[in-house]
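A short write-up of the structure that comes next.
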Amino acid sequence: MANIVWHHTAITKEDRRLKNGHHSAVLWFTGLSGSGKSTIANAVSKKLFELGVQNYVLDGDNIRHGLNKDLGFSAEDRTENIRRIGEVAKLFVDSGQFVLTAFISPFARDRQLVRQLLANDEFIEIYVKCPLEECEKRDPKGLYKKALNGEIREFTGIDSPYEEPISPELTIETHHHSLEQCVEQVIAYLQHQQFIHIAH
Ligand SMILES: Nc1ncnc2c1ncn2[C@@H]1O[C@H](COP(=O)(O)OS(=O)(=O)O)[C@@H](OP(=O)(O)O)[C@H]1O
Ligand SMILES: Nc1ncnc2c1ncn2[C@@H]1O[C@H](COP(=O)(O)OP(=O)(O)O)[C@@H](O)[C@H]1O
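Right under this line is the structure:
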């Protein structure tokens, strides 16, 4: 970028991690609408909070009310949505926290671009897997009904594609496991990677 020089900060990411006593990374939840991204991200966030782990949730619906309120659901807008979220998520990682993102993020290339913004151990892709028929049955916001009636266009899974992750760090099957089991799967992963430490 012309005439703009990167300013180095007085306090580094490592300083912040050391003070917090844990790693920092993005927990990138991806999946169909109604698969369980928000529910799991918020439950994991609560659990981490209780464990004293600094974290914050970025949720599709909320971000689209503010930062990304100029964006719709065309392929181009979804790409720009994810690009901005990726940059924001990186700032949270720099601040020494875990950031939990709950966006459909249907395109593999967009998720890959976010992964490339971060170090290897800073991007944890979590595929929240649930069959489309089950998501349609849950329909927590009544959006599938509208999409199937033709009231909403370009709805993911109906008339807009979802590209499944090929090698995510974690796959969570929400039609087979309870919310508690799904949360435990994420926490166990973080512990196993030694990203967080739980005193017993
Ligand atoms: N056309 C269309 N397709 C998909 N989703 C739609 C659409 N219109 C509105 N919604 C609602 O917006 C939420 C998805 O926003 P995201 O920012 O996660 O989408 S994306 O990652 O840019 O594809 C999504 O939220 P979740 O159900 O939490 O996934 C929907 O509630
Ligand atoms: N194991 C599970 N994990 C998460 N959500 C589940 C699970 N089983 C059933 N559900 C239900 O599925 C719905 C998921 O909705 P939501 O979290 O808003 O999905 P998304 O953010 O992916 O659109 C909720 O009504 C939730 O209660």
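Those letters in the sequence shown? Residues 1 to 200, per the UniProt record's numbering, in order.
The beta carbon of each residue, even a glycine, is placed where N, CA and C say it ideally should be.
| Using a Cβ-Cβ cut-off of 6 Å (strictly less than) and excluding sequence neighbours within five positions of leucine 86, which residues of its own chain qualify? | As a first step, residue 86 is located in the sequence shown; it is residue number 86 there, counting from the start. What sits at residue 86 in the sequence shown is glycine, not leucine. Correct list, in chain order: Val114, Leu117.
| Residues bridged to asparagine 55 by DSSP? | Numbered from its first residue, the sequence shown carries residue 55 at position 55. Looking at the DSSP output, asparagine 55 sits in a beta bridge with Phe98.
| request: From the DSSP output, read off the bridge partner residues of threonine 12. | output: Counting from one through the sequence shown, the residue named residue 12 turns up at place 12. Answer is none; threonine 12 lacks a bridge partner.
| Which term fits phenylalanine 123, buried or exposed, when burial requires 16 or more other beta carbons within 10 angstroms of its beta carbon? | Indexing the sequence shown from 1 puts residue 123 at position 123. Counting Cβ neighbours within 10 Å, phenylalanine 123 comes out buried, since at least 16 surround it.
| query | Where does isoleucine 172 sit, in a helix, a strand or coil, going by DSSP? | reply | By one-based count along the sequence shown, residue 172 stands at place 172. Reduced to three states, the DSSP call for isoleucine 172 is strand.
| message | I want to see whether chain B comes within less than 8 Å of glycine 96, judged by CB atoms only; does it? | response | In summary, chain B is missing from the structure at hand, where a single protein chain is found.
| Is leucine 27 helix, strand or coil by DSSP? | Position 27 of the sequence shown, counted from the first residue, corresponds to residue 27. Reduced to three states, the DSSP call for leucine 27 is strand.
| Apart from the five residues on each side of it in sequence, which residues of its chain come closer than 7 Å, Cβ to Cβ, to phenylalanine 92? | Here residue 92 is taken as the residue at index 92 of the sequence shown, counted from 1. Hits under 7 Å: Tyr56, Val99.
| message | Pairs of beta-carbons, one from the segment 10 to 17 and one from the segment 58 to 76, closer than 8 Å: are there three or more? | response | no
| task | Go through its chain and collect everything with a Cβ distance to isoleucine 40's Cβ below 6 Å, but skip five positions before and after it. | result | By 1-based counting over the sequence shown, the position of residue 40 is 40. Excluding sequence neighbours, isoleucine 40 sits near Cys182.
| query | To the nearest angstrom, how far is it from the Cα of glutamate 164 to the Cα of arginine 109? | reply | As a working mapping, residue 164 is identified with position 164 in the sequence shown. As a working mapping, residue 109 is identified with position 109 in the sequence shown. Using only the alpha carbons, I get a separation of about 11 Å.
| request: Would you decide whether asparagine 68 is buried or exposed? Buried here means 16 or more other CB atoms lie within 10 Å of its CB. | output: Taking the sequence shown and counting its residues from 1, one reaches residue 68 at position 68. It counts as buried.
| Residue burial classification, lysine 141 (beta-carbon count within 10 angstroms, cutoff 16) | Mapped onto the sequence shown, residue 141 falls at position 141. Residue environment: lysine 141 is assigned as exposed (fewer than 16 neighbouring CB atoms within 10 Å of its CB, all protein chains considered).
| request: Please look up how many angstroms separate the CB atoms of glutamine 97 and serine 24, rounded, as I've assumed it's under 8 Å. | output: Taking the first residue of the sequence shown as position 1, residue 97 is located at position 97. Taking the first residue of the sequence shown as position 1, residue 24 is located at position 24. With 8 Å as the limit, glutamine 97 and serine 24 qualify as a contact, their Cβ atoms being about 5 Å apart.
| query | Should the segment 129 to 137 be regarded as contacting the segment 59 to 68, the criterion being three or more beta carbon pairs within less than 8 Å? | reply | no
| field | glutamate 125 (DSSP reduced to helix, strand or coil) | value | Position 125 of the sequence shown, counted from the first residue, corresponds to residue 125. Three-state DSSP puts glutamate 125 in a strand.
| query | Considering only C-alpha positions, which residue in the set Gln194, Phe155, Lys129, Thr156 is nearest to serine 178? | reply | Looking up residue 178 in the sequence shown gives position 178. Of the candidates Gln194, Phe155, Lys129, Thr156, the one whose C-alpha sits nearest the C-alpha of serine 178 is Lys129.
| request: State the DSSP-derived secondary structure class of serine 160, mapped to helix, strand or coil. | output: Numbered from its first residue, the sequence shown carries residue 160 at position 160. Strand, per DSSP.
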